[in-house]
Amino acid sequence: MIPAVTGISMLNSNTLDGKIPAFGSLDKKVRIHNALDGLMVASVGNVLLSAGIPVPVSNDDINLYVGIDISIEDIKNEYFNNILDEGILGASPQLFQFTTPNSLAAQATIAFDLRGECITMPIGYSFREIMEYVGECIIGRNIKMAIAGCIRKVKALNLHTSGPVYSSEFFFIEDRESAMQRGVKIYPNALDSVL
Numbered sequence: 021m022i023p024a025v026t027g028i029s030m031l032n033s034n035t036l037d038g039k040i041p042a043f044g045s046l047d048k049k050v051r052i053h054n055a056l057d058g059l060m061v062a063s064v065g066n067v068l069l070s071a072g073i074p075v076p077v078s079n080d081d082i083n084l085y086v087g088i089d090i091s092i093e094d095i096k097n098e099y100f101n102n103i104l105d106e107g108i109l110g111a112s113p114q115l116f117q118f119t120t121p122n123s124l125a126a127q128a129t130i131a132f133d134l135r136g137e138c139i140t141m142p143i144g145y146s147f148r149e150i151m152e153y154v155g156e157c158i159i160g161r162n163i164k165m166a167i168a169g170c171i172r173k174v175k176a177l178n179l180h181t182s183g184p185v186y187s188s189e190f191f192f193i194e195d196r197e198s199a200m201q202r203g204v205k206i207y208p209n210a211l212d213s214v215l
């Protein structure tokens, strides 16, 4: 089995206007609590569209592997700053669960009814390990298809941006034979910058 990239999504949090692109009906299903939640759901949705996968997925053939850098700390900081500013009433205990990296992946699995394996991994400057892991899983026939990618904090080049800016890179990876049977576009050099 040879892994092939059949979907790509690269987004930036300051390009999102609070809506999930091309998924207006999800606005009622998913509660977006912060910029990272919105970026995660939009990225996974875009990569599914790019790969020609109908939404909701509703099966366990597609797995999700997400790498998150220190950007998750911004959510924790926001939560605890609310406590410092307004006392214990400043932060709802219901929001505390959204301060973990797993909550971002959970938002995407709920939004698109992804029932496959879901793993969140810490990353430094590269998410190469995630891509290698997914490749090994497909070659070893452990999984059929996967969404793999990362969210990271980037320095804002625009001085008009208030708050941090995050970027995401997500790829839909599957066996080349499966992609050819589905008749979808294969991006042969998509992972060159990652691997």
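Following this note's numbering, the numbering of the sequence shown begins with 21 at its first residue and continues without gaps.
A virtual CB, placed ideally from N, CA and C, is assigned to each residue, including glycine.
None of these values were measured; they are calculated from a predicted model.
Among the residues of its own chain, which have a CB less than 6 Å from the CB of residue i, if the five just before and after it don't count?
i: Pro184; result: Asp94 and Lys173
i: Pro23; result: Gly155, Ile158 and Ile193
i: Val77; result: Phe132, Asp133 and Leu134
i: Gln201; result: none
i: Ile52; result: Gly58
i: Arg196; result: Ile22 and Ala24
i: Glu149; result: none
Going by C-alpha distance, which of the options is nearest residue i?
i: Asn66; options: Ile150, Gly27 and Met21; result: Gly27
i: Phe147; options: Ile206, Ile171 and Gly58; result: Ile171
i: Asn32; options: Val204, Met200, Ser188 and Ala210; result: Ser188
i: Ile143; options: Ile163, Phe191 and Ser91; result: Ser91
i: Asn79; options: Ile130, Asn122 and Ala125; result: Ile130
i: Ala126; options: Asn209, Gly169 and Val50; result: Val50
Going by beta-carbon coordinates alone, are residue i and residue j separated by less than 8 Å?
i: Met141; j: Gly87; result: yes
i: Arg161; j: Met60; result: no
i: Asn54; j: Glu106; result: no
i: Lys175; j: Ser198; result: no
i: Val204; j: Gly58; result: no
Mapping the DSSP letters down to three states, classify residue i as helix, strand or coil.
i: Gly38; result: Confidence at Gly38 is low in this model, with a pLDDT of 47, below 50, so its placement is unreliable and the value that follows should be read with caution. Reduced to three states, the DSSP call for Gly38 is coil.
i: Pro74; result: coil
i: Asn162; result: coil
i: Asn54; result: coil
i: Glu149; result: helix
i: Val64; result: helix
i: Val204; result: coil
i: Pro121; result: helix
i: Leu211; result: coil
i: Glu156; result: helix
i: Asp195; result: strand
Please look up how many angstroms separate the CB atoms of residue i and residue j, rounded, as I've assumed it's under 8 Å.
i: Asn83; j: Glu152; result: Their Cβ separation, rounded to whole angstroms, is 15 Å, which puts Asn83 and Glu152 out of contact at 8 Å.
i: Tyr186; j: Leu56; result: 6 Å
In chain order, what residues of the same chain have a beta carbon less than 8 Å from the beta carbon of residue i, not counting five sequence neighbours either side?
i: Leu211; result: Val25, Met151 and Phe191
i: Leu124; result: Leu56, Asp57, Met60, Val86, Ile88, Ile92, Thr140 and Ile171
Please go through the same chain and pick out, in chain order, the residues whose beta-carbon is closer than 7 Å to the beta-carbon of residue i, but skip the five residues on each side of it.
i: Ala128; result: Met60, Val61, Val64, Leu84 and Leu134
i: Asn122; result: Thr140
i: Pro74; result: none
i: Asp81; result: Gly136, Lys164 and Met165
Using a beta-carbon distance below 8 Å, is residue i in contact with chain B?
i: Ala168; result: As a matter of chain content, chain B is missing from the structure shown, which is built from one protein chain.
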